Structures are given as C-alpha cells and as structure tokens.
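A.B. asks: Sharing a structure here in structure tokens format.
In the working numbering, the protein residues as written are 9 to 138.
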C-alpha cells in the first residue's frame, strides 16, 4: 500500500519533469538557424526562466487517501540574434522593452535629482559670489 502511494508521487514528479524537458530544450535558448536568400544566417538567442513545484500526500491510514500536485512555468524572452554574414559573426541585441527603460529611469531618479540640485546650488553660489 505505502509502496503504491510512493510510486504515485514518484510518477507525478517524473511526469512533471518530463513535461518540462519537452517544453524547454537547447533549441529554446539557441534557436534554429534561419538563412536568408542573400546568404545571411540568423540564429535567435533567448533567455529561459523556469519555475517548478511539486507536492505529495498519503494522509491517514487508509489506502484511499492520496494527495498530489505538480506544476511548472516557463518564460522565454528573446535576447539577441547571432548574425553570420561573409564569414563574420556578430551579436545584435533585441531592443529593450519600454517598461524596462522606464524601470531604469525610475531607479535613477534619486541620483538625477541630487545632480540637478547640486548643479542649481552651484549656479546660485556662483551668482552670489559675483
């Protein structure tokens, strides 16, 4: 009875891991090469983020009770393209989304305010000195 319950939990975890492997393979990070008619080869590069959770069970003494649960989340963000042309390879980053730019501006706001205040105070001192 207990062995059956352990197998159920093991099967649940194994199935979840198998599905994760199916969702994300090396082609998710470095994509399939794309060759254009003029001979340029583009290879997409992505960032992959994973989240994984699983559970278990077997409550009480009866063989009928069993819990379970499992899940995963995958996020794939395009990062860049490798461009191969005439034997030369270069990386072209994908443009930063506007939200990331705004986040950076908000992070820098206190520093910018300090610099502006310093500049204004310096100008006031120079004006008073003259």
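C-beta: ideal position from N, C-alpha, C; glycine also. Since the model is a prediction, treat every value here as computed from it, not as a measurement.
Using 8 Å as the threshold, is the C-beta distance between residue 39 and residue 18 below it?
C.D. replies: Not in contact: residue 39 and residue 18 (Cβ atoms no closer than 8 Å).
A.B. asks: Which of the three DSSP states is assigned to residue 73 in this structure?
C.D. replies: Residue 73: coil per DSSP, three-state reduction.
A.B. asks: How far does the beta strand (DSSP E) with residue 85 in it reach, from first residue to last?
C.D. replies: Where residue 85 is concerned, the enclosing beta strand (DSSP E) stretches over 78-93.
A.B. asks: In angstroms with no decimal places, state the Cα-to-Cα distance between residue 25 and residue 65.
C.D. replies: Cα-Cα distance, rounded: 18 Å.
A.B. asks: Secondary structure at residue 39, three-state DSSP: helix, strand or coil?
C.D. replies: Note: residue 39 maps to coil in three-state DSSP.
A.B. asks: Which one or two residues does DSSP pair with residue 60 in a beta bridge?
C.D. replies: Answer is 80.
A.B. asks: I need the DSSP call for residue 45, collapsed to helix, strand or coil.
C.D. replies: Coil at residue 45, not helix or strand.
A.B. asks: Whole angstroms is fine: what's the gap from residue 117's alpha carbon to residue 102's?
C.D. replies: In a straight line, the C-alpha of residue 117 is about 25 Å away from that of residue 102.
A.B. asks: Out of 80, 128 and 45, point me to the one whose CA is closest to residue 59's CA.
C.D. replies: That would be 80, whose Cα lies nearest to the Cα of residue 59.
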